[in-house]
Amino acid sequence: MAIIVQPQDPTEVLHTARRPAPEAAPPLAGLEARSISAWFGDHKVLDRVSLTMPAGVVTSLIGPSGCGKSTFLRILNRMHELVPSASLAGEVLLDGDDIYDRSHRLVDARKKIGMVFQKPNPFPAMSIYDNVVAGLRLTGVRPARQEKDELVESCLIRAGLWSEVKNRLREPGGGLSGGQQQRLCIARSLAVRPRILLMDEPCSALDPTSTRVIEETMLELRHEVTIVIVTHNMQQAQRVSQQCAFFLASQGTPGIIVEHGDTAAMFDSPQDQRTYDYVTGRFG
Ligand SMILES: Nc1ncnc2c1ncn2[C@@H]1O[C@H](COP(=O)(O)OP(=O)(O)O)[C@@H](O)[C@H]1O
Ligand SMILES: [Mg+2]
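Quick note on the numbering used here: the sequence shown kicks off at 288 and runs consecutively.
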């Protein structure tokens, strides 16, 4: 009697064997700014600002224009020092480790602490696919093709963009709508596996629908990356963040944090009159 052996599909075996083991996601990290002061030339723009940004939490930074929110954010990933006249004092600890310590390289801070800007800035002529992996040069790893495909897919899924672009990955990033471009920038940031994602008014150039999609994306991402977002939109701060810090620079003095803490509490029962005035729209 003949024994019937179910033939195995050789391509499938090959496929399984080649598939790399999924890398474990890096654990969530917290960020702590200690007594940060900042200057442009001799113009002091931040005065001894301290803030703990806990792991797995979205922290929002609010306050009127010019009070130093963007400067503070750029100090958190060592972008401030790129401005020739800029200087700073204080410490930034990523999981307890000072990113400004002399033993650390600038690129390490950038890798671990990603940034998404107000205006979406994909490489417009580069394909959607290549945009996602554009930051990998920084990390020095050169993944194999299949690994790269998987990374592109997973980052686009996490950035909430996959279903809209999966059939046009080779088209230029510049052909996407503003909201899609911003999600592409989020995917590009995620590809280098940052521990922290800084976002400087990421929705201020977007329509309400795109804004909502990005907010949903943020709420999902916070389980894998700690987020710090600057926003002018009080409703957005309440929708996306669990912790909030109110910055203020009154009458030419450097920026300080007037009040920080649980977002709901800050909006429902602010402790400081200036916070109350700001969150109720009396100025700013
Ligand atoms: N590149 C720069 N050169 C000189 N001054 C700057 C520069 N960037 C920001 N500033 C000044 O620093 C202060 C804080 O600015 P910024 O951090 O952009 O505030 P915010 O993001 O809260 O609007 C402002 O007085 C601004 O004019
Ligand atoms: Mg700003």
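The beta-carbon is built from N, C-alpha and C at its ideal position, and this holds for glycine as well.
Please read these numbers as outputs of a predicted model, since none were measured by experiment.
Worksheet item: Should Q469 be labelled buried (16 or more other beta-carbon atoms within 10 Å of its own) or exposed?
Response: What you label residue 469 is simply residue 182 of the sequence shown in a count that begins at 1. Result: buried.
Worksheet item: Would a C-beta distance cut-off of 8 Å place I516 and S497 closer than the cut-off?
Response: Within the sequence shown, residue 516 is the residue found at index 229, counting from 1. Within the sequence shown, residue 497 is the residue found at index 210, counting from 1. S497 sits away from I516, with the two beta carbons spaced by 8 Å or more.
Practice prompt. With hydrogens ignored, establish whether the beta-carbon of S441 is closer than 7 Å to any heavy atom of ligand 2.
Written response: Numbered from its first residue, the sequence shown carries residue 441 at position 154. At a threshold of 7 Å, S441 does not count as near ligand 2, since its beta carbon sits no closer than that to any of the ligand's heavy atoms.
Practice prompt. Report back the beta-carbon spacing between G466 and P411 to the nearest angstrom; my notes put them in contact at under 8 Å.
Written response: Position 179 of the sequence shown holds residue 466. Position 124 of the sequence shown holds residue 411. 16 Å between Cβ atoms; not a contact.
Item to complete: Run the proximity test for K356: is its beta-carbon closer than 7 Å to any non-hydrogen atom belonging to ligand 2?
Response: In the sequence shown, residue 356 corresponds to position 69, counting from 1. True, at least one ligand heavy atom lies under 7 Å from that Cβ.
Worksheet item: Thinking just about the alpha-carbon of each residue, which of L443, I514 and G350 is nearest to the one in S537?
Response: Here residue 537 corresponds to residue number 250 of the sequence shown, with the count starting at 1. Taking each of L443, I514 and G350 in turn and checking the Cα distance to S537, the smallest one comes out for G350.
Worksheet item: For the candidate residues Q433, R321 and G343, whose alpha-carbon lies nearest to that of V379?
Response: Indexing the sequence shown from 1 puts residue 379 at position 92. If you compare the alpha carbons of Q433, R321 and G343 with that of V379, the shortest gap goes to R321.
Worksheet item: Exposed or buried, which one is N418 when buried takes at least 16 other CB atoms within 10 Å?
Response: Residue numbering aside, residue 418 sits at position 131 when the sequence shown is read from its first letter. Looking at its Cβ environment, which holds 16 or more other Cβ atoms inside 10 Å, N418 is buried.
Worksheet item: Which residue's Cα is closest to the Cα of S337: G343, I323 and D329?
Response: In the sequence shown, residue 337 corresponds to position 50, counting from 1. The shortest C-alpha to C-alpha distance from S337 to any of G343, I323 and D329 is the one to I323.
Discussion item. Quick check: is the beta carbon of T518 nearer than 8 Å to any beta carbon in chain C?
Written reply: Here chain C cannot be found, since the structure has a single protein chain.
Practice prompt. Measure the alpha-carbon distance for G542 versus F534 and round it to whole angstroms.
Written response: Translated into positions along the sequence shown, residue 542 becomes position 255. Translated into positions along the sequence shown, residue 534 becomes position 247. Whole-angstrom Cα-Cα distance: 6 Å.
Practice prompt. Counting only the same chain and skipping the five closest in sequence on each side, list residues whose C-beta sits under 7 Å from that of A308.
Written response: Counted from its first residue, the sequence shown places residue 308 at position 21. Its pLDDT being 45, under 50, A308 is placed unreliably by the model, and the measurement read from it follows with that caveat. Nothing meets the Cβ criterion.
Discussion item. Between the alpha carbons of L333 and C354, how many angstroms are there, rounded?
Written reply: Numbered from 1 along the sequence shown, position 46 holds the residue referred to as residue 333. Numbered from 1 along the sequence shown, position 67 holds the residue referred to as residue 354. The straight-line gap separating the alpha-carbon atoms of L333 and C354 is approximately 8 Å.
Worksheet entry | contact_flag[the segment 425-436, the segment 394-407] where n(CB pairs < 8 Å) is 3 or more | Cβ pair count under 8 Å is three or more, so yes.
Worksheet entry | Alpha-carbon to alpha-carbon, C442 and R561 | If you number the sequence shown from 1, residue 561 lands on position 274. If you number the sequence shown from 1, residue 442 lands on position 155. Rounded to the nearest angstrom, the two C-alpha atoms are 40 Å apart.
Worksheet item: Taking all protein chains shown into account, do 16 or more other C-beta atoms lie within 10 angstroms of the C-beta of K406, making it buried, or fewer, making it exposed?
Response: The residue you call residue 406 lines up with position 119 of the sequence shown. Label assigned to K406: exposed.
Practice prompt. State the beta-bridge partners of L318 as determined by DSSP.
Written response: For this step, residue 318 is matched to residue 31 along the sequence shown. Beta-bridge pairing links L318 to M340 and L381.
Discussion item. Would you say the beta carbon of V403 is closer than 7 Å to some non-hydrogen atom of ligand 1?
Written reply: Walking along the sequence shown from the start, residue 403 turns up at place 116. Not so, every heavy atom of ligand 1 lies at least 7 Å from the Cβ.
Practice prompt. Could you check which residue in M505, D555 and V500 has the C-alpha nearest to that of M486?
Written response: Here residue 486 corresponds to residue number 199 of the sequence shown, with the count starting at 1. If we check each option's Cα against that of M486, M505 comes out closest.
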